[in-house]
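For what it's worth, this note's numbering labels the leading residue of the sequence shown as 42, then goes sequentially.
Backbone N, C-alpha and C fix where the C-beta goes; we use that ideal spot for every residue, glycine too.
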Amino acid sequence: MYPFIRKARSSDIDAIVRLNMQLADYHRKIDGYYQSGAQTADGFRQFLEKIIDDDNYLILVAQIKDKITGYFIGTISEAKPFLVPQKTGRISDAFVEKDFRKSGIGRMMFDTLLNWFKEHRVKHLELSVDVRNKIGVEAWKKYGFQEFMLKMKMDL
Ligand SMILES: CC(C)(COP(=O)(O)OP(=O)(O)OC[C@H]1O[C@@H](n2cnc3c(N)ncnc32)[C@H](O)[C@@H]1OP(=O)(O)O)[C@@H](O)C(=O)NCCC(=O)NCCS
Numbered sequence: 042m043y044p045f046i047r048k049a050r051s052s053d054i055d056a057i058v059r060l061n062m063q064l065a066d067y068h069r070k071i072d073g074y075y076q077s078g079a080q081t082a083d084g085f086r087q088f089l090e091k092i093i094d095d096d097n098y099l100i101l102v103a104q105i106k107d108k109i110t111g112y113f114i115g116t117i118s119e120a121k122p123f124l125v126p127q128k129t130g131r132i133s134d135a136f137v138e139k140d141f142r143k144s145g146i147g148r149m150m151f152d153t154l155l156n157w158f159k160e161h162r163v164k165h166l167e168l169s170v171d172v173r174n175k176i177g178v179e180a181w182k183k184y185g186f187q188e189f190m191l192k193m194k195m196d197l
């Protein structure tokens, strides 16, 4: 079955929140530092409602028949003042349901975001991924990202 990649509508918000809860729980399994999906759901829903009509964001969903199987969120913002480029493209969220992975749905959503970034003359993309998230790290490398900064934390 071929996925249909499209811009999210308000009526998709419930499905995207459900997927984001899975993404949160996926991270919580890596480290209890992350909140669970149940804890993040309300705040995430409010965030989605705020950004869904914002031209600086693009929320994509992958639909197979009536089912939303994944979503990606891209955003364009002013680059940090110490950087040469004026704007930065970011991918803030990326999730495909477990049973649908490794069949190119993530790649299709990434390519669609890439076209949107290019149309907006974005020349650089950044994203953060937990180094212990092997699937995520591998996917980003496949899509062409390279490591360039090391984020560190210390528990007190
Ligand atoms: C990352 C993700 C969005 C990619 O979506 P996808 O539909 O699987 O993407 P693709 O089919 O284009 O696969 C891209 C690569 O992801 C990696 N990958 C995806 N699923 C995997 C799995 N179950 N085991 C190992 N690697 C996997 C592989 O490197 C794969 O490339 P390959 O198929 O050539 O081996 C999806 O795997 C996912 O939701 N992962 C869990 C959440 C996550 O890590 N999100 C990113 C957080 S920053």
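N- and C-terminal bounds of the beta strand (DSSP E) containing residue i
i: L137; result: Looking at the sequence provided, one finds Val at residue 137 rather than Leu. V137 -> beta strand (DSSP E) spans K128 to V137.
i: R47; result: F45 to K48
Counted within 10 angstroms of its Cβ, other Cβ atoms place residue i as buried (16 or more) or exposed
i: Y98; result: buried
i: M193; result: exposed
i: D53; result: buried
i: A79; result: exposed
i: P44; result: buried
i: G84; result: exposed
i: L150; result: In the sequence as displayed, the identity of residue 150 is Met instead of Leu. Result: buried.
i: G73; result: exposed
i: L154; result: buried
Span of the alpha helix (DSSP H), counted from its first residue to its last, around residue i
i: D66; result: I54 to I71
Under 6 angstroms, CB to any heavy atom of ligand 1. Which residues pass, going along the chain? L64, Y67, A135, F136, V137, R142, K143, S144, G145, I146, G147, R148, V170, N174, I176, G177, E179, A180 and K183
Please determine if the stretch 105–123 and the stretch 49–61 are in contact, where contact requires at least 3 C-beta pairs separated by less than 8 angstroms. Touching, per the Cβ criterion.
3-residue-minimum beta strand (DSSP E) runs that sit fully inside the stretch 74–113, ordered along the chain: Segments of the beta strand (DSSP E) lying fully in the stretch 74–113: 98–105.
Could you name each continuous alpha helix (DSSP H) segment of 4 residues or more that falls completely within the stretch 140–175, going from the start of the chain to the end? 146–160
Flag this pair as touching only if the stretch 166–174 and the stretch 88–105 have three or more C-beta atom pairs under 8 angstroms; answer yes or no. no
At a cut of 8 angstroms, does the stretch 160–171 reach the stretch 136–145 through at least three beta carbon pairs? Flag = no, the stretch 160–171 and the stretch 136–145 do not touch.
Between the stretch 89–98 and the stretch 116–129, do at least 3 Cβ pairs fall closer than 8 angstroms? yes
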